[in-house]
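Student: In my numbering, the protein residues as written are 7 to 303.
Where a beta carbon is used, it is the ideal one built from N, C-alpha and C, also for glycine.
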């Protein structure tokens with residue numbers, strides 16, 4: 007592909023997810039769930055109740071900072087996905103492009119000597135951060151103190167990685183959200199019959215780098231009336247080349263999975279059950295993407 011063609015199909019130079027952030031009033035319990043999934047606490051924020059967990063190439067942040075909790079529209083809700091950070095070629099350039107296309111900016115909360123990461127409004131109260139993707143440069147060194155010298159955490163099973171996010175949307179809003187992600191970030195909608203995992207509802211959007219996906223789900227049947235339905239990032243999904251092996255490995259660590267007439271593990275995927283404050287995770291059969299050429303040793 008030519009340079010012009012690459013810029014057209016991946017205008018921000020996106021290279022996957024840097025981190026997913028959960029807003030939580032129960033950081034110890036949610037941290038325990040992440041530990042069951044194979045993540046390890048590797049760093050704490052220097053001045054806030056914010057915690058960094060890692061497994062393989064995946065980073066998850068638990069944000070229990072009172073200022074962040076109190077500013078949320080639903081402060082008494084359970085743990086929620088509050089932000090996703092995307093690796094891009096040039097964060098400032100990507101941010102300016104998003105502004106030109108009509109994105110809503112997020113005011114910085116960085117204090118003196120803290121890292122300022124540009125971000126735009128996402129679904130609900132969430133933030134989409136834009137992070138410079140540079141080899142051997144960590145965005146965490148400025149704001150976090152590491153708990154030990156061990157910063158690399160092996161995956162529970164080989165090849166476990168971020169697959170993507172499930173996003174709940176209001177009725178008849180699919181076209182608007184497809185346009186949002188396409189114009190600002192370069193995502194593209196896959197054919198209507200494209201589905202991954204064991205939960206086939208919704209519309210699948212592929213990131214321009216092809217490394218991860220978004221699943222847009224409108225309420226079905228009486229869901230809008232039976233439960234409180236919010237536009238939000240609802241669930242994080244992990245990709246794995248071997249779903250059965252991953253389920254067995256995680257069950258051995260105490261992670262329960264849905265197993266009923268509506269949802270049960272199979273070779274395509276699985277969904278966890280009964281974890282911390284309505285937080286659940288999904289497994290999807292997928293081989294990990296090869297690292298970008300600039301990341302290869």
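Can you tell me whether residue 132 is buried or exposed, with buried defined as 16 or more other CB within 10 angstroms of its CB?
Tutor: buried
Student: Measuring CA to CA, which of 59, 23, 146 is closest to residue 52?
Tutor: 146
Student: How would you call residue 268, buried or exposed, if buried means at least 16 neighbouring beta carbons within 10 angstroms?
Tutor: exposed
Student: Classify residue 282: buried if its beta carbon has 16 or more other beta carbons within 10 angstroms, exposed otherwise.
Tutor: Burial is judged here by how many other beta carbons sit within 10 angstroms of a residue's own beta carbon; residue 282 has at least 16 and is buried.
Student: Rounded to a whole number of angstroms, what is the C-alpha to C-alpha distance between residue 284 and residue 166?
Tutor: 23 angstroms
Student: In whole angstroms, give me the CA-to-CA distance for residue 183 and residue 236.
Tutor: 14 angstroms
Student: Looking at the strands, I want to know which residues DSSP matches up with residue 33.
Tutor: Beta-bridge pairing links residue 33 to no other residue.
Student: Helix, strand or coil for residue 200, going by three-state DSSP, please let me know.
Tutor: Note: residue 200 maps to coil in three-state DSSP.
Student: In chain order, what residues of the same chain have a beta carbon less than 8 angstroms from the beta carbon of residue 50, not counting five sequence neighbours either side?
Tutor: 56, 57, 58, 150, 151, 153
Student: From the DSSP secondary-structure annotation, give me the bridge partner or partners of residue 291.
Tutor: 246
Student: Could you round the C-beta distance between residue 173 and residue 222 to whole angstroms and report it? I think they count as a contact, below 8 angstroms.
Tutor: Indeed they touch by this definition, with Cβ atoms about 5 angstroms apart.
Student: Excluding the 5 residues flanking residue 289 on each side, which residues of the same chain have their C-beta closer than 6 angstroms to its C-beta?
Tutor: 244, 246, 249, 252, 275, 276
Student: Grab me the residues of residue 255's own chain with a C-beta within less than 6 angstroms of its C-beta, minus the 5 sequence neighbours each way, in chain order.
Tutor: 162, 163
Student: Could you compute how far the alpha carbon of residue 142 sits from the alpha carbon of residue 234?
Tutor: The straight-line gap from Cα to Cα measures roughly 43 angstroms.
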